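Report on one structure; see the data block that follows.
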Amino acid sequence: MVRHRKLGERIGTFFMFAGPTTLIFTVVMVLPFLYGIFLTFTDWDGQANSFAFVGFQNYRIALFDPVFWTSLWLTLRYAIVGVFLTNAVAFFLAYILTSGVKASGFFRAGFFTPNLIGGIVLGFVWQFIFSRVFPQIGRAMGWTLFSTSWLSDPNKAFWALVIVTVWQYSGYMMVIYIAGLVSVPGELLEAASIEGAGSWAKLRRIILPLIRPSVIVCFFLTIQRCFMVYDLNLSLTNGGPYRSTTLISMNVYQTAFLSRQYGPGQAEAIFLFFVVAGVSLAQVYFGKRKEVEM
Amino acid sequence: MSTRKVGFAPARVASAIKTLFLLVLFILYMFPFFMVVLNSLKRDTEVISSPIAPPSSIYWENYRMAFEKMKFMRAFGNSLIITTASVAAIVLLSSMCAHYLVRNKTKLSTFLYLTMVAAMIIPFQAIMIPLLKIYGSIGMLNNRWVLVFMYIGFGAPFAIFLFHGFIKVIPRELEEAAIIDGCGRYAVFFKIILPLLQPVIMTVVILDVLWIWNDFLLPSLVLLNQASRTLPLSTYYFYGTYTVNYGCLLASLVMTMVPVIIMYMFSQRFILKGIIAGAIK
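Residue numbers (this note's numbering), protein chains in the order written: chain V, 1 to 294; chain C, 1001 to 1281.
Below you can see the structure in the form of structure tokens.
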């Protein structure tokens, strides 16, 4: 009897404390994710209630689709350029801000501001800047680089996307780098100075090894965001001109919801999942290795 | 550092140059916002002909028109309801769940926790198509509360991850002492654990408010009804359907940004702290 009641009580506690979250998590994330994998092996068209198994056909369609590869390649280029520029700018800002300048709190808050605002609005803000303000400045100053809208040139539209990305994320990563930099013990740097180390040597030999965890976090956060960006892509360039800036997320959306190719679209999404999951696992691996105690 | 105390002139010059350099960068960073605000106060013809010139006269009409046409108050109210409800539910449900998972080490709770941690790496795009199919087929799209429900599901793993790490280091004796004093399970959680969680709750609230308030893709798929649109959705559709008047469009952007900027001015320190705590874990 006693054991019975205890079991009942334990089940009751589980349902009261963990039940709601477990249930919601399962029906919002787990089931759709598993169902999504299942759907890639069927010929579901978005409407019909019945569908047949088609094996790996959706993956074949996705992998032989040049449009998919173009957007994947573009996303890769965008991510590589975006990640390096964002982190270079972010670290640079953090480094100056922690080197004893006036009003560093004000600057820190200011550079972070773009991260408070959603990608849709930021994209529209910059769309106006690139298509109206820059051409005007370009014409007034005689700079041919800016004389036409960057958003109507396939090559420059890519860089417009990169610039906005770096502008936005550098403030976010800067905050994380600052947290790392202020935790570097001052005595260590002073000791190095006394022994004749220049600023470059201090940066390479002391600061960078000590803030390794921040560097890893920032790099992987930027990589993940670059691979999943959608809002900014939609409002700034809408994938154009001539599909030249359609990143992978937008491509999944278009394949599934605009071309109504749900199977191949979901296959592309699963592919994206593997890329993002791989990046995250790499982060765990590099984060654990050779961790420097702070 | 120590050189500053000595007050060498070169050190002061270097500091001044650095500050000046930062100021230039700051102006560059703020330039887009400044341009948008400036042009939102002009007549459309002026925006087109000379976007960098100051307005010849301040034209507030843009704001009035944008406010009405994008149904600002309705969209703002929707965003507020959805964000508040989702974040409150995420905090409450996830902290309770994390508490249970930490204090009841069974195979099931370990499995649950690991599943949630693993789920954090799933990108939304991998879920959106089946999610729409499932919820569409049972007629549950087009409802704000279903969106809140989904946000709880998507937000829970990260929140539980943060709460889990924090509850683990709260000494168990604290709870045992309370139970001996006659506290029930709920009293232990709400009177002892929850107040201790305050710093993590701040982190979860900040990260989730920024995410949900600004989110576009999920609400654009779930909220098909015009009346339930959130602020990002309303801005997006306003831009799509009303491309003629630039001044008016820019005014709509300013109105969308201002509430967040005001909130930021008052809670800047907490927000930046929350970002750091959420990133470093």
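Note that the Cβ used here is the ideal one computed from N, Cα and C, for glycine as well. Being a predicted model, the structure only gives us computed values, none of them experimental.
Given a limit of 8 Å on CB to CB distance, which residues of the stretch 135-151 of chain V reach chain C?
GLN136, ILE137 and ALA140
Beta-carbon within less than 7 Å of PHE1163 (chain C)'s beta-carbon, same chain only, minus the 5 sequence neighbours each way: which residues are those?
Taking the second sequence and counting its residues from 1, one reaches residue 1163 (chain C) at position 163. Excluding positions up to five away in sequence, the list reads SER1094, SER1095, ALA1098, LEU1197 and VAL1200.
Residue closest to PHE1072 (chain C), alpha-carbon to alpha-carbon, out of C:THR1256, C:LYS1107 and C:ARG1185:
Position 72 of the second sequence, counted from the first residue, corresponds to residue 1072 (chain C). Out of C:THR1256, C:LYS1107 and C:ARG1185, C:THR1256 has the C-alpha closest to the C-alpha of PHE1072 (chain C).
For LEU1231 (chain C) and ALA1089 (chain C), what's the separation of their Cα atoms in angstroms?
Locating residue 1231 (chain C) in the second sequence gives position 231, where the first residue counts as 1. Locating residue 1089 (chain C) in the second sequence gives position 89, where the first residue counts as 1. Cα-Cα distance, rounded: 21 Å.
Have a look at the DSSP bridge pairing and note the partners of PHE53 (chain V).
The count along the first sequence starts at 1 and reaches residue 53 (chain V) at position 53. Paired residue(s): V:THR42.
Report the rounded CA-to-CA distance for VAL2 (chain V) versus GLU9 (chain V), giving the unit in angstroms.
Your numbering for residue 2 (chain V) matches position 2 in the first sequence. Your numbering for residue 9 (chain V) matches position 9 in the first sequence. Reliability of the predicted coordinates at VAL2 (chain V) is poor, the pLDDT of 44 falling under 50, and the value obtained from them is presented with this limitation in mind. Spanning the two alpha carbons is a distance of roughly 11 Å.
What are the residues in the stretch 166-184 of chain V lying within 8 Å of chain C by C-beta distance?
TRP167, GLY171, TYR172, VAL175, ILE176 and ALA179
Whose C-beta lies closer than 6 Å to the C-beta of ILE120 (chain V) among residues of the same chain, with five residues either side of it excluded?
As a first step, residue 120 (chain V) is located in the first sequence; it is residue number 120 there, counting from the start. Contacts found: ASP231 and SER235.
On the three-pair Cβ rule with 8 Å, is the stretch 121-136 of chain V touching the stretch 1042-1060 of chain C?
yes
Which value, in whole angstroms, describes the spacing of the CA atoms of TYR1264 (chain C) and GLN224 (chain V)?
The residue given as residue 1264 (chain C) occupies position 264 in the second sequence. The residue given as residue 224 (chain V) occupies position 224 in the first sequence. So the alpha carbons of these two residues sit roughly 25 Å apart.
Smallest Cα separation from GLU1135 (chain C): which of C:LEU1022, C:MET1150 and C:GLN1125?
Here residue 1135 (chain C) is taken as the residue at index 135 of the second sequence, counted from 1. The sequence shown places Tyr at residue 1135 (chain C), not Glu. The option with the nearest alpha carbon to TYR1135 (chain C) is C:MET1150.
Tell me which residues of the stretch 233-258 of chain V have at least one Cβ-Cβ distance to chain C shorter than 9 Å, keeping chain order.
LEU234, SER235, ILE248, SER249, VAL252, TYR253, ALA256 and PHE257
Checking 8 Å against the spacing of the C-beta atoms, do ALA94 (chain V) and CYS226 (chain V) come in under that value?
Position 94 of the first sequence, counted from the first residue, corresponds to residue 94 (chain V). Position 226 of the first sequence, counted from the first residue, corresponds to residue 226 (chain V). No, the pair does not count as a contact, with Cβ atoms beyond the cut-off.
Spell out a yes or no on whether the stretch 57-74 of chain V and the stretch 258-273 of chain V are touching, meaning 3 or more CB-CB pairs, one atom from each, closer than 8 Å.
yes
So for ALA295 (chain V), helix, strand or coil by DSSP?
Within the shown structure, residues of chain V are numbered from 1 to 294, placing residue 295 (chain V) beyond reach of any answer.
Less than 8 Å between the beta carbons of GLY55 (chain V) and VAL162 (chain V), yes or no?
Within the first sequence, numbered from 1, the residue matching residue 55 (chain V) stands at position 55. Within the first sequence, numbered from 1, the residue matching residue 162 (chain V) stands at position 162. Cβ distance not < 8 Å, so GLY55 (chain V) and VAL162 (chain V) don't count as in contact.
Nearest to PHE41 (chain V) (by Cα), restricted to the options V:ASN58, V:THR26, V:SER152 and V:VAL28:
The sequence position of residue 41 (chain V) within the first sequence is 41, counting from 1. Per the Cα distances, V:ASN58.
So, with DSSP's three-state summary, where would you put ALA1053 (chain C)?
Mapped onto the second sequence, residue 1053 (chain C) falls at position 53. Three-state DSSP puts ALA1053 (chain C) in coil, outside helix and strand.
Once you ignore the five residues that flank VAL166 (chain V) on each side, which residues in its own chain have a CB closer than 8 Å to its CB?
Residue numbering aside, residue 166 (chain V) sits at position 166 when the first sequence is read from its first letter. GLY82, LEU85, THR86 and VAL89, listed in sequence order.
Alpha carbons only, please: which of C:ALA1277, C:THR1045 and C:LEU1020 is nearest the one belonging to VAL175 (chain V)?
The residue labelled residue 175 (chain V) in the question sits at position 175 within the first sequence. Comparing Cα-Cα distances from VAL175 (chain V) to each of C:ALA1277, C:THR1045 and C:LEU1020, the minimum goes to C:ALA1277.
Going along the chain, which residues of the stretch 261-283 of chain V sit with their C-beta nearer than 8 Å to a C-beta in chain C?
TYR262, GLY265, GLN266, ALA269, ILE270, LEU272, PHE273, VAL276, ALA277, SER280 and LEU281
May I have the straight-line CA-CA distance separating ALA197 (chain V) from ARG205 (chain V), to the nearest angstrom?
For the purposes of this step, residue 197 (chain V) is taken as the residue at position 197 of the first sequence. For the purposes of this step, residue 205 (chain V) is taken as the residue at position 205 of the first sequence. Using only the alpha carbons, I get a separation of about 9 Å.
Under 8 Å between C-beta atoms, does VAL1036 (chain C) make it to chain V?
Position 36 of the second sequence, counted from the start, is the residue given in the question as residue 1036 (chain C). By this cut-off, VAL1036 (chain C) is an interface position.
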